[in-house]
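Going by full-length UniProt numbering, the first residue of the sequence shown is number 1, and it counts up by one from there. Heads up, the beta-carbon is just placed ideally off N, CA and C, and yes, glycines get one too. Since we're looking at a predicted model, the values are computed, not measured. Please read the structure below before turning to the comments.
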Amino acid sequence: MPRARVRGIYATALTARLLDSGHEVVDASPPIRRRFDAAFGTEPPDVRVGTSADRQGVGAHGDPDAVDAVREVLTGAGRDALAWPDPTPPGAVLDGEVTETLGGGAVVDLRVGDGAAAEGYLPYGDVDARIESGDPVRTQVRESAAPWTDRRPELAGELRVGGDLVALEPGSGTRVDARNDEAARELSGMLDLLDLEPPAGWRAVWQPSAVDADTEALTAGLDAAVAAAEELRAATESEEGTGAAGGDGESDGAGLGVLDDRSRLRDAPVAVPNAGVWAWFGRESRSGLDDARRTATATMPGHHRVKAGSADASGGVDLAEALCDPDPDAEFPFAVVADAFGPREGDALRIDHGKPDGRLITLGEGTVTAVDVDGTVTVEREMTGGGSYDGLGVAREAGDVAETSLKEGRWWYPTTYRGRDGTVRGTYVNVCTPVEVFPDAARYVDLHVDVVKRPDGRVERVDDDALDESVAAGHTPEPLAEKARSVASALEKAL
1 MPRARVRGIY ATALTARLLD SGHEVVDASP PIRRRFDAAF GTEPPDVRVG
51 TSADRQGVGA HGDPDAVDAV REVLTGAGRD ALAWPDPTPP GAVLDGEVTE
101 TLGGGAVVDL RVGDGAAAEG YLPYGDVDAR IESGDPVRTQ VRESAAPWTD
151 RRPELAGELR VGGDLVALEP GSGTRVDARN DEAARELSGM LDLLDLEPPA
201 GWRAVWQPSA VDADTEALTA GLDAAVAAAE ELRAATESEE GTGAAGGDGE
251 SDGAGLGVLD DRSRLRDAPV AVPNAGVWAW FGRESRSGLD DARRTATATM
301 PGHHRVKAGS ADASGGVDLA EALCDPDPDA EFPFAVVADA FGPREGDALR
351 IDHGKPDGRL ITLGEGTVTA VDVDGTVTVE REMTGGGSYD GLGVAREAGD
401 VAETSLKEGR WWYPTTYRGR DGTVRGTYVN VCTPVEVFPD AARYVDLHVD
451 VVKRPDGRVE RVDDDALDES VAAGHTPEPL AEKARSVASA LEKAL
């Protein structure tokens with residue numbers, strides 16, 4: 001079984017699930033060590049799991065086999081846990097073309113292969129040469145981004161290789177990146193004693209975790225980093241004459257940066273030393289993760305649901321659990337959470353419409369007109385004129401109002417369209433994963449099949465074919481599709 005390192009708001013729950021699945025968890029944080037009666041090693045992990053920037057899910061990156069094994073643990077959290085391969089895992093070397101120059105960096109259209117599309121962001125300070133639109137570039141992914149966010153993966157024009165103990169980058173010498181000066185000096189002395197120097201052309205940057213590693217682990221960590229670095233450098237310079245033009249037109253010695261010849265752009269990735277996957281958790285999955293966390297420590301109902309909402313809400317959960325022993329059988333306190341962190345009446349609320357293929361579409365932003373104790377939030381949006389309402393076949397006119405009723409935990413939600421005079425122009429009922437109403441946005445994943453009620457009262461079920469296609473493409477798991485069909489059938493009868 002692979003070794004996994006876990007960090008972020010889902011760490012305790014995922015540690016419990018990984019251990020139950022027979023995986024080894026290493027480099028555990030102090031809270032994790034306190035909560036589990038288990039031995040946590042200090043060996044380098046095969047896969048690293050961390051929370052996405054928006055707290056909605058996690059990314060897992062590392063050895064391809066280890067990533068596949070961990071993916072099963074992540075998607076096993078619940079029916080609405082969905083996962084997608086990461087086309088830009090950290091450490092990957094990719095060719096691309098600059099499509100836009102911004103104030104602090106450039107947007108790069110990356111060639112990730114298999115007909116997939118991806119963009120990255122290359123800060124000007126991370127490449128030697130001047131960058132212009134249309135330039136061919138070879139870059140390395142420093143930090144990836146979940147597909148449902150509006151962030152682009154961050155790129156660099158210089159190689160960097162390594163893991164939790166030591167990283168290598170072009171240059172010379174050794175640096176200890178430890179927060180404690182005394183520990184850094186002690187580690188530097190140990191490195192000198194062991195003669196752990198990187199090969200010519202590379203600079204070693206020892207990470208804080210190296211402070212607590214033994215001599216065997218330090219040696220093994222450097223050896224592994226050197227092997228990976230040389231393999232990656234060879235891949236970037238495998239074509240005779242391939243170079244990256246620096247500020248003086250010279251190659252930077254690592255094959256990255258602005259390429260001197262467009263014909264050398266590769267359509268497939270230059271090197272992908274790590275695999276990656278992004279997993280999004282829905283409300284049902286967060287509840288499953290609550291159950292897993294509860295086996296290790298006190299956990300309030302909706303623990304992960306609240307923490308996913310905002311940093312302030314996350315701190316509130318920690319305080320509540322520290323002050324009292326939560327009742328695991330209690331209902332999720334939506335009214336209390338909404339009153340403390342939002343949304344409140346008069347607030348602006350986005351409707352974040354996720355897709356089973358990983359994309360996220362924002363349907364717009366409306367004004368909250370009511371927040372009920374049962375978890376129902378009503379949002380109104382004024383519509384612009386032009387076009388027609390999907391599925392209804394009714395013209396959209398300026399001044400129309402869309403009223404959306406979003407109930408926490410429900411597998412569907414209705415939007416009723418009314419004209420200026422209050423006349424109902426139709427109702428569209430979206431079938432989706434259980435709705436979550438966060439302080440700034442309502443969030444779910446659309447399950448394609450929907451039910452509409454036209455102005456004349458006729459009820460019609462639509463887009464079953466789109467759901468079937470999504471299942472065939474591997475985007476929607478069959479159990480989730482079956483739930484969507486069941487919900488749509490019930491709505492047909494009810495309307």
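Check: When DSSP builds the beta bridges, which residues end up paired with L122?
Finding: A106
Item checked: Validate contact between the region 115-128 and the region 151-162 using beta carbons, cut 8 Å, 3 pairs -> As far as the Cβ criterion goes, the region 115-128 touches the region 151-162, which means the pair count is three or higher.
Item checked: Member of M383, D164, S144 whose CA lies at the smallest distance from the CA of A217 -> D164
Check: In chain order, which continuous runs of the alpha helix (DSSP H) of length 4 or greater are located wholly inside the region 413-487?
Finding: 464-472
Check: Once you ignore the five residues that flank R3 on each side, which residues in its own chain have a CB closer than 8 Å to its CB?
Finding: Closer than 8 Å at Cβ, skipping near neighbours: H23, E24, V25, V26, G41, E43, P44, P45, D46, V47, A66.
Note to self: Let's see if you can read the secondary structure: which residues bound the alpha helix (DSSP H) around F281?
What the structure shows: Careful: F281 lies outside any alpha helix (DSSP H), inside the beta strand (DSSP E) at 275-281.
Margin query: Taking DSSP's pairing of strands, which residues face Q140 in a bridge?
Written below: V93, A156.
Notebook entry, point to check: I9 by DSSP, collapsed to three states: which one?
Noted result: coil
Checklist line | Nearest candidate by alpha-carbon position, reference L323, set Y417, S133, L82, M300 | finding: Taking each of Y417, S133, L82, M300 in turn and checking the Cα distance to L323, the smallest one comes out for M300.
Notebook entry, point to check: Is the Cβ-Cβ distance between A204 and L193 less than 8 Å?
Noted result: no
Next item on the list: Report, in whole angstroms, the separation of the C-beta atoms of T236 and A271, which I expect to be a contact under 8 Å.
Entry: At roughly 7 Å, the Cβ-Cβ gap stays under 8 Å, so T236 and A271 are in contact.
Note to self: Looking at G391: is its Cβ nearer than 8 Å to the Cβ of D450?
What the structure shows: Yes; because the gap between Cβ atoms is below 8 Å, this pair is in contact.
Margin query: So the candidates are A83, G157, G125; which of them puts its Cα closest to the Cα of P147?
Written below: A83
Note to self: Just to confirm the assignment: which complete alpha helix (DSSP H) runs, minimum length 4, are found wholly within the region 169-211?
What the structure shows: 181-194
Check: Any idea if L102 is buried or exposed, counting beta-carbon neighbours within 10 angstroms, 16 or more meaning buried?
Finding: Label assigned to L102: exposed.
Next item on the list: Could you pull out every residue in the same chain whose Cβ sits closer than 6 Å to the Cβ of G288, ignoring the five residues on either side in sequence?
Entry: A77, G78
Margin query: By alpha-carbon positions, which one of V373, V258, A490, D325 ends up nearest to R130?
Written below: V258
Check: Sorted by chain position, which residues of the same chain lie with C-beta nearer than 6 Å to A106's C-beta, five sequence neighbours on each side aside?
Finding: V98, L122, I131
Next item on the list: Classify E482 as buried or exposed, calling it buried when 16 or more other Cβ atoms lie within 10 Å of its own Cβ.
Entry: exposed
Checklist line | As assigned by DSSP and simplified to three states, the class of A4 | finding: strand
Next item on the list: Work out the CA separation of D212 and L18 for me, nearest whole Å.
Entry: 24 Å
Notebook entry, point to check: To which residues of the same chain is R454 closer than 8 Å at the C-beta, ignoring the five residues directly before and after it?
Noted result: L392, G393, V394, G426, E460
Next item on the list: Using alpha carbons as the reference points, say which of R264, R293, T219, E169 lies closest to G96.
Entry: R264
Check: If you run the structure through DSSP and keep just helix, strand and coil, what is E240?
Finding: Low per-residue confidence applies at E240: pLDDT is 41, beneath 50, and the placement is therefore not dependable, though the value from the model is reported in the following sentence. Looking at E240 - three-state DSSP - the assignment turns out to be coil, as it is neither helix nor strand.
Note to self: As a quick exercise: from G474, G302, A229, T174, pick the residue whose alpha carbon is nearest that of Y10.
What the structure shows: G302
Note to self: Quick check: the region 399-417 against the region 374-385, are at least 3 beta-carbon pairs closer than 8 Å?
What the structure shows: Yes, the region 374-385 touches the region 399-417.
Next item on the list: Look up residue 497 in the DSSP assignment and say whether it is helix, strand or coil.
Entry: Residue 497 is absent from the model: the chain starts at 1 and stops at 495.
Notebook entry, point to check: So is V373 buried or exposed if we call it buried at 16+ other beta carbons inside 10 Å?
Noted result: exposed
Next item on the list: Tell me whether the beta-carbon of A308 lies closer than 8 Å to the beta-carbon of R286.
Entry: yes
Notebook entry, point to check: Can you tell me the Cα-Cα spacing of A13 and D80, whole angstroms?
Noted result: 16 Å
Check: Hey, how far is the Cα of Y417 from the Cα of R381?
Finding: 10 Å
Checklist line | Cut-off 8 Å between Cβ atoms - residues of its own chain near A215, not counting five sequence neighbours on either side | finding: Here the sequence assigns Thr to residue 215, which means Ala is not the residue at that position. Once the five neighbours on either side are set aside, the close Cβ partners of T215 are M190, L194.
Margin query: Just to confirm the assignment, what range does the alpha helix (DSSP H) spanning A66 have?
Written below: Unbroken alpha helix (DSSP H) run through A66: 64-75.
Note to self: If I measure Cβ to Cβ from P326 and keep anything under 8 Å in the same chain, skipping five residues before and after, which residues do I get?
What the structure shows: A298, T299, M300, P301, A320
Checklist line | Residue from D318, G125, A38 with nearest C-alpha to G104 | finding: G125
Check: Distance, Cα to Cα, V401 vs V336?
Finding: 29 Å
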